[in-house]
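Worksheet: one structure, shown below.
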């Protein structure tokens with residue numbers, strides 16, 4: 001019986017000593033690295049991510065801006081996979097903002113229960129529907145400054161909607177994204193807004209949406225929070241965190257998740 005094929009995102013890396021950020025007391029971010037050098041390194045890594053994850057995309061199922069907006073709000077503290085099991089019934093029962101605004105709370109909570117924190121999410125969805133009806137004629141606005149005024153919507157959610165529903169480039173700074181760009185040594189910032197501002201200077205604007213998907217895919221499949229697959233990572237040669245996970249290619253490759261098995265949190 002032949003062994004199962006390796007995930008396409010496996011990229012064996014030559015074994016070498018751990019990089020700066022993986023050594024005791026070391027930090028991935030090097031303040032001595034020049035802005036030009038950091039930009040060149042970041043763009044080389046961004047190009048490599050495009051090769052590693054050519055299938056990167058938004059993993060929330062949606063057909064309209066409203067559906068994506070609601071699904072993104074529901075994705076907090078749960079997986080995209082779980083949200084995708086809930087939204088078909090939700091959108092069939094409440095197809096537009098007016099229907100959401102007038103939803104019965106108990107019925108709405110029952111639908112949302114699998115996503116966790118369902119009472120708070122029901123409050124957000126009800127408020128979202130009402131705000132859209134009262135202030136935007138039931139339509140999802142296509143501007144950041146309008147989106148962030150809606151209940152339950154911050155910059156991360158707004159960028160998801162702008163980039164994937166309206167084609168407006170945006171950087172989605174979720175948990176995976178922030179963790180990885182810090183591991184890459186692109187920034188030491190923890191605040192998502194500051195992280196977004198730094199990365200916006202490193203990656204061309206036209207690539208922001210696709211780049212966000214690729215980083216998130218990499219975080220879910222290769223550069224895991226607890227044990228990164230360093231020895232199977234195509235970014236290893238440019239990554240100052242190389243060595244925080246197994247460096248031996250075969251050991252690392254066993255950690256890489258396929259799309260079907262990847263964590264879609």
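In the working numbering, the protein residues as written are 1 to 265.
All residues carry an ideal CB built from backbone N, CA and C; glycine is no exception.
Would you kindly report the start and end of the unbroken alpha helix (DSSP H) that includes residue 208? 208-221 is the span of the alpha helix (DSSP H), which, as asked, contains residue 208.
Pick helix, strand or coil for residue 134, following the three-state DSSP scheme. Three-state DSSP puts residue 134 in a helix.
If I measure Cβ to Cβ from residue 188 and keep anything under 6 Å in the same chain, skipping five residues before and after, which residues do I get? Excluding sequence neighbours, residue 188 sits near 29.
Leaving aside the five residues before and after residue 1 along the sequence, list all residues of the same chain whose C-beta is less than 7 Å from its C-beta, in chain order. Confidence is the limiting factor: at residue 1 the pLDDT is only 49, short of 50, which leaves the residue's position unreliable, though a coordinate-based value still follows. Result list for residue 1: empty, nothing under 7 Å.
Roughly how many angstroms lie between the CA atoms of residue 25 and residue 73, to the nearest whole one? Approximately 38 Å, taken between the alpha carbons.
Confirm, please, whether the CB-CB distance from residue 232 to residue 256 is below 7 Å. Yes, these two residues count as a Cβ contact at 7 Å.
Looking only at C-alpha atoms, which of 221, 22, 82, 91 sits nearest to residue 269? Since the first and last residues shown for the chain are 1 and 265, residue 269 lies out of range.
Who are the Cβ neighbours of residue 85 in its own chain at under 8 Å, not counting the five residues just before and after it? Only 114 meet the Cβ criterion.
Range of the contiguous alpha helix (DSSP H) that encloses residue 249: Its alpha helix (DSSP H) spans residues 249-253.
Let me know the secondary structure DSSP gives residue 158 once reduced to three states. In the structure shown, the three-state DSSP call for residue 158 is helix.
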